[in-house]
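What follows is one structure encoded as structure tokens, with my remarks underneath.
Residue numbers (our numbering): 737 to 1086.
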């Protein structure tokens, strides 16, 4: 699968290339609803006048996309009506209109277009947006659901990180937190992946977790339980963050009061353009902002990191969880994210 040839589509002044690639995880990754050891992605390249922008679609199971659906979507695109990549709004509005959903496929084109634009301007995108990379919060590192022995091993491997993200949502929640606390006292954020179903028990857990230096709860209950999540948010001693419950820009206004904040991911929201709009809207609504990721190469991670100075919490460890990254881009030292001073999203092929 990882040696598949690029498919090429000529569209006027643009050339689009894409191919499937399979990410290999360093550890089996378990959350409340499934386990996996690989993640399918589709890599993209968008070329204009000899300059090439890189993009990526990552498809974890719950998004409902596949390599086949992403490549099918990309094959439908026709940019031949556009004369310049600087028609960004028109291009991305057209891409969004081609089909419903397909948000990761749309993100792959969006990321490649932003990378291309930055290269044409000779500047990293965070500079184009006027953002200060010194304001990027430290990234969390994810500890999936596992045995006590493996959790200890993963936490010890994550010694450089200043905050850890812990997957919860099964009947092992307290064991997992106690095991981590036997090894480290760094702050934690808890991602329940909709795993709790009872609001009173969720509130009890929120208090228990606060005592153990957990700084926020991500998607504590199913996204459909709006009233219950709002009830919890009103009473919780720590912030609540919508993940599965917040996909795109249009979702944000109705979530004020239901959650304290939102988790923005490029693969959910069609890419960098809408992610930035979501962050700005959440700020205007006085909501907290988290920037997350799927399991991705440094291509999509570096794209997300361009807007990381806008957020309260960053969870940009996706490329650190895999063993076969094809790109060199944003890197992490002592838990801090550093953006290379290269144009576009800042990635080069390894």
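C-beta atoms are modelled at their ideal positions from N, C-alpha and C, and glycine is treated no differently.
Taking the beta carbon of residue 1031 as the centre, do at least 16 other beta carbons fall within 10 Å, making it buried, or is it exposed?
Buried, because 16 or more other Cβ atoms sit within 10 Å of the Cβ of residue 1031.
DSSP-derived helix/strand/coil call for residue 776:
Residue state, collapsed to three classes: strand.
Those residues which DSSP pairs with residue 1050 across a bridge
Answer by DSSP bridge pairing, in chain order: 875, 1027.
Report the CB separation of residue 1079 from residue 858 in whole angstroms; it is logged as a contact under 8 Å.
The Cβ separation is near 5 Å, so the contact holds.
How is residue 929 classed by DSSP in three states: helix, strand or coil?
Collapsing the DSSP output to three states places residue 929 in coil.
Measuring alpha carbon to alpha carbon, tell me which residue in 1060, 769, 1041 is nearest residue 927.
Relative to the Cα of residue 927, the nearest Cα in the group 1060, 769, 1041 belongs to 769.
Using the rule of at least 16 other Cβ atoms within 10 Å of the residue's Cβ for burial, across every protein chain shown, is residue 909 buried or exposed?
By the neighbour-count rule (16 or more Cβ atoms within 10 Å), residue 909 is buried.
Nearest to residue 856 by alpha carbon, out of 905, 1049, 821, 741?
Of the candidates 905, 1049, 821, 741, the one whose C-alpha sits nearest the C-alpha of residue 856 is 821.
Among the residues of its own chain, which have a CB less than 7 Å from the CB of residue 787, if the five just before and after it don't count?
Counting only Cβ-Cβ distances below 7 Å, and skipping sequence neighbours, we find 852, 855, 856.
Leaving out five residues on either side along the sequence, give the residues of the same chain with a beta carbon under 7 Å from the beta carbon of residue 898.
Here residue 898 has 874, 922, 1071 as same chain residues with Cβ atoms under 7 Å from its own Cβ, once five neighbours each way along the sequence are excluded.
Would you tell me roughly how many angstroms separate the C-alpha atoms of residue 938 and residue 861, rounded to the nearest one?
A straight-line Cα-Cα distance of about 40 Å links residue 938 and residue 861.
Taking the beta carbon of residue 1074 as the centre, do at least 16 other beta carbons fall within 10 Å, making it buried, or is it exposed?
Classification of residue 1074: exposed, given that the 10 Å Cβ count is below 16.
Can the beta-carbon of residue 801 be found less than 8 Å from the beta-carbon of residue 847?
Cβ atoms of residue 801 and residue 847: not closer than 8 Å.
Please report the straight-line C-alpha distance between residue 1002 and residue 1029, rounded to a whole angstrom.
Near 7 Å, if we compare the C-alpha coordinates of residue 1029 and residue 1002.
Span of the alpha helix (DSSP H), counted from its first residue to its last, around residue 806:
Residue 806 -> alpha helix (DSSP H) spans 803 to 812.
Nearest neighbour of residue 813, chosen from 864, 772, 744, 774 [CA to CA]
Looking at the Cα atoms, 744 is the closest of the given residues.
At which residues does the alpha helix (DSSP H) containing residue 965 begin and terminate?
Counted as a single uninterrupted DSSP element, the alpha helix (DSSP H) harbouring residue 965 occupies residues 962 to 971.
Indicate whether the contact test is met: 3 or more Cβ pairs, each with one atom in the stretch 993 to 1000 and one in the stretch 965 to 976, closer than 8 Å.
Cβ pair count under 8 Å is three or more, so yes.
Residues bridged to residue 1080 [DSSP beta-bridge criterion]:
Partner residues in the beta bridge of residue 1080, as assigned by DSSP, are 860.
Run of the alpha helix (DSSP H) containing residue 995, from where it starts to where it stops
No alpha helix (DSSP H) holds residue 995; DSSP gives it neither H nor E.
Rounded to the nearest angstrom, what separates residue 1047 and residue 1065 at their Cα positions?
Roughly 20 Å between the two C-alpha positions.
Using DSSP with H/G/I as helix, E/B as strand and the rest coil, what is residue 1005?
Residue 1005 carries a helical assignment under DSSP once its states are collapsed to helix, strand and coil.
Look up residue 791 in the DSSP assignment and say whether it is helix, strand or coil.
Here residue 791 carries a strand assignment [DSSP, helix/strand/coil].
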